[in-house]
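> Got a structure for you, questions after.
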Amino acid sequence: MWHLPSGQQIVCLSGHYQRISSLVWRGGFLISGAEDNTINIWQAVKESTNSNGTHSPLHTFTVHSMPVTDLFCGLGGPRCRLFSVSLDNTAQIWEVASGRHLLSLEFPAPLSKLLVDKMESVVLGVSLTTLVYKISLTEDQQSED
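This is how it looks when you write it as structure tokens:
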């Protein structure tokens with residue numbers, strides 16, 4: 030991370046060994062998903078810099094078995110929910126601050142993008158072939174549009 034006015038590097042975030050595919054900033058947390066199948070959450074205000082100048086993640090999630098392709102972080106401050114999708118045909122949901130895994134959703138195809146409504150009750154997963162799959166978190170149904 031860089032301090033824009035001075036151009037000086039503030040901290041080096043080291044946590045992925047392959048390309049980062051998605052970044053989200055929400056409520057003092059920087060969240061990254063990558064092609065190494067992992068998601069890292071850094072807390073911006075927490076001082077956890079190692080002796081080598083790197084900043085350790087607050088949480089690292091390794092639930093996905095294939096590259097993470099998109100992230101969505103809802104509202105709610107530190108208790109906000111993080112949604113992720115992957116080429117492993119799943120969407121995962123976590124609570125950001127605690128790192129608690131809340132739910133795993135299975136889709137019929139690998140997903141490239143994710144959309145979540147404002148109430149966080151409907152998840153839309155977009156496949157690599159641009160099919161859109163809809164899962165309601167409040168009803169027992171799944172549909173393909």
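Taken in order, the sequence shown gives residues 30 to 174; the numbers are from the numbering used here.
Positions of the beta carbon are idealized from the N, C-alpha and C atoms, including for glycine.
Using only the alpha-carbon positions, how far apart do Ala-73 and Arg-108 sit?
Your numbering for residue 73 matches position 44 in the sequence shown. Your numbering for residue 108 matches position 79 in the sequence shown. Cα to Cα, the separation comes out at about 15 Å.
> Are Ser-115 and Leu-140 closer than 8 Å when you measure CB to CB?
Against the sequence shown, residue 115 aligns to sequence position 86. Against the sequence shown, residue 140 aligns to sequence position 111. For Ser-115 and Leu-140, yes; Cβs fall inside 8 Å.
> Check the C-beta distance from Ile-68 over to Phe-90 and give it rounded, since I have them as a contact under 8 Å.
The residue labelled residue 68 in the question sits at position 39 within the sequence shown. The residue labelled residue 90 in the question sits at position 61 within the sequence shown. About 4 Å separates the two Cβ atoms, so the contact holds.
> Residue range of the beta strand (DSSP E) that Lys-163 falls in?
Here residue 163 is taken as the residue at index 134 of the sequence shown, counted from 1. Looking at the DSSP string, the run of the beta strand (DSSP E) that includes Lys-163 is 161–165.
> Going by C-alpha to C-alpha distance, which of Ile-49, Thr-119, Leu-160 and Trp-71 sits closest to Ala-126?
For the purposes of this step, residue 126 is taken as the residue at position 97 of the sequence shown. From the listed residues Ile-49, Thr-119, Leu-160 and Trp-71, the smallest Cα separation to Ala-126 is found for Trp-71.
> Would you decide whether Ser-165 is buried or exposed? Buried here means 16 or more other CB atoms lie within 10 Å of its CB.
Locating residue 165 in the sequence shown gives position 136, where the first residue counts as 1. By the neighbour-count rule (16 or more Cβ atoms within 10 Å), Ser-165 is not buried but exposed.
> What residue ranges within the segment 91–136 form continuous beta strand (DSSP E) runs of no fewer than 3 residues, ordered along the chain?
97–102, 110–115, 119–124 and 130–135
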